[in-house]
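One structure below.
Here it is, written out as structure tokens:
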């Protein structure tokens, strides 16, 4: 017990030890999350006798609910689900002696006197030495005057001792506050204000963690946790407890190799707690994590519209952690604190690419991203080697080229690189063009989705992502990737025709949205590259070879055009669909009176016709909007 709350402990010891009726109650007040419930629980756990009844009033809306809870604690067997007593209780007092046979052996296992709760339950059935604890006064649904009047009856007229626990600042917001004050003056003989006690609470929270390895980590970082808690200024033990429980779940997902790096774990824990405190306190908006969070975090760069958040988060600048490395990417932190998911693969990949593994794991360009951890000789040697490979275009991965261009722009700005921003931009554009000419750019646009959405690639954020020059370079890369995609469509279309003949299931999966990796073209108008006559002939050949496989074509046209967001990209296929429909209609007429002709008709109506109708409607809506 620390000295700051010792007086509360001493007074409660005095109050609970009184041999006469005090005829007044004691109130322990404090802000939300300061540890009031933990304090009172810890106090009674250290007493020699279990002589109290505790009830949380959170959400309780009637006196009967309070008495039912006391009844449950007085008679746990009768109040258990197995006995199903409480659900069947009615008003009034039923007193009886029940012969209980718990194990069905035909012999009595004990007699229990039954006291069914009603308004007189406490007066008639609870020994006066029992002390009553009422927690969460401010969150009770009973009108405050009625609640305090009820407790006053128990204290003044029935002789019970009572402890009330409340966040009185919230009660002051209640419209019944004046009446509350009047009754409180009569009921409460002593009000004690609790201050948060971090260390004993933290040690208790550690015992509540599920995994021993997390308990050890938290214990090792007790001083760091205390520092972050104090700097946060929230004085909220409940938020700390929730953060530690979340970290317990998070930590066990890390690979053993990452856990061995204790400095990495401490760094990670620091940011986990900081973000937890700020999110749970409502001072950090998760939607802002798409912006450069670390720049806002300490205000190192130019101001943004989030200046209030900069000021709030800047308080952590005194921590002895790397303030420009939040260990994980913004998108991972966002996922953790908005969805509750733990993307363990992404997390471990990001951790293995941190500076803590630079000697054995990291590529040279990754080491350069963490240049602030290098000595002068290390930096100069590393930069010289990278510049030589850069100038000779030895890097063949577009993501690496983007990372290097970004960090070079940054280093140039702080006079650590000898080319200016424009020179870096022009060279990087030429570099990307050369990668394209050598067929080294990726075919799939998905490959670079994180590029444009989050400014992240290979689990690392880009330097200089806010610069216009870097944005221009990204646009240049995107254009070249699109060119590669367009050039690849003819070849891909030939592959689709072959799939249509030989693997209709994969053909289908390639064209519709699904969880399968084959769904490459669900929003790409690839069908334009298939000659309508070739498609129609192949469809008829498929029908003649396997009517069952032919039916998958109907599924393609039914599913491909169900999402308007995708249809906006597929609207150019409208003319193609009409041509194919016309050709298949002709082939249907040639087979009039045959089953194959009937089956062709089923493909045309409703599937092809519905697809055409959807795209025509979308086209018409687009024209109307543009006309407005």
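Residue numbers (my numbering): 1495 to 2122.
Note that beta-carbon positions come from the ideal geometry of N, C-alpha and C, so glycine has one too.
- Apart from sequence neighbours up to five positions away, the residues of its chain that approach residue 1845 with a beta-carbon distance below 6 Å are 1752, ordered along the chain.
- When DSSP states are grouped into helix, strand and coil, residue 1752 belongs to the helix group.
- Between residue 1687 and residue 1523 the beta-carbon gap is near 5 Å, inside 8 Å, which marks them as a contact.
- Just measuring C-alpha positions, the residue of 1713, 1538 and 1546 sitting nearest residue 1655 is 1546.
- The residues 1496, 1498, 1499 and 1529, in chain order, have a CB closer than 7 Å to that of residue 1691 in the same chain once the five nearest residues on each side in sequence are set aside.
- Three or more Cβ pairs drawn from the segment 1554 to 1571 and the segment 1634 to 1642 lie within less than 8 Å of each other, which places the two stretches in contact.
- A direct Cα-Cα distance of roughly 16 Å separates residue 1916 from residue 1895.
- Apart from the 5 residues on each side of it in sequence, residue 1660 sits with its Cβ closer than 6 Å to the Cβ of 1523, 1631 and 1632 in its chain, given in chain order.
- Residue 1687 sits in a strand when the DSSP states are folded into three classes.
- Assignment of residue 1519 by DSSP, reduced to helix, strand and coil, places it in the strand class.
- Its chain contains 2019 and 2022 as the residues whose beta carbon lies nearer than 7 Å to that of residue 2066, once the 5 sequence neighbours on both sides are disregarded; these appear in chain order.
- The beta carbon of residue 1678 sits closer than 8 Å to the beta carbons of 1521 and 1642 from its chain, once the five residues preceding and following it are set aside; these are given in chain order.
- Judged by DSSP secondary structure, residue 1627 falls within the beta strand (DSSP E) whose first and last residues are 1625 to 1629.
- With 16 or more other Cβ atoms inside 10 Å of its own Cβ, residue 1527 counts as buried.
- Residue 1907 and residue 1826 have their alpha carbons spaced roughly 29 Å apart.
- Residue state for residue 1810 is assigned as helix, using DSSP reduced to three classes.
- Scanning its chain for C-beta atoms nearer than 7 Å, with the 5 sequence neighbours on each side dropped, one finds around residue 1738 the residues 1699, 1703 and 1712, in chain order.
- For residue 1682, DSSP records a beta bridge to 1519.
- Less than 9 Å divides the Cβ of residue 2004 from the Cβ of residue 1990.
- Across the set 1933, 1932 and 1903, the C-alpha of 1903 shows the shortest separation from the C-alpha of residue 1920.
- Closest in alpha carbon position to residue 1745, among 2025, 2043, 1719 and 1836, is 1836.
- Assignment of residue 2011 by DSSP, reduced to helix, strand and coil, places it in the coil class.
- According to DSSP, residue pairing for residue 1673 in a beta bridge does not occur.
- Taking the Cα positions, residue 2043 is about 10 Å away from residue 2002.
- If the five residues before and after residue 1635 are omitted, its C-beta is found closer than 7 Å to the C-beta atoms of 1553, 1554 and 1555, all from its own chain and listed in chain order.
- The beta carbon of residue 2058 sits closer than 7 Å to the beta carbons of 2112 from its chain, once the five residues preceding and following it are set aside; these are given in chain order.
- In the DSSP assignment, residue 1821 falls outside any alpha helix (DSSP H), carrying neither H nor E.
- Put simply, the backbone Cα of residue 2076 is about 57 Å away from that of residue 1747.
- Residue 1924 and residue 1856 have their alpha carbons spaced roughly 27 Å apart.
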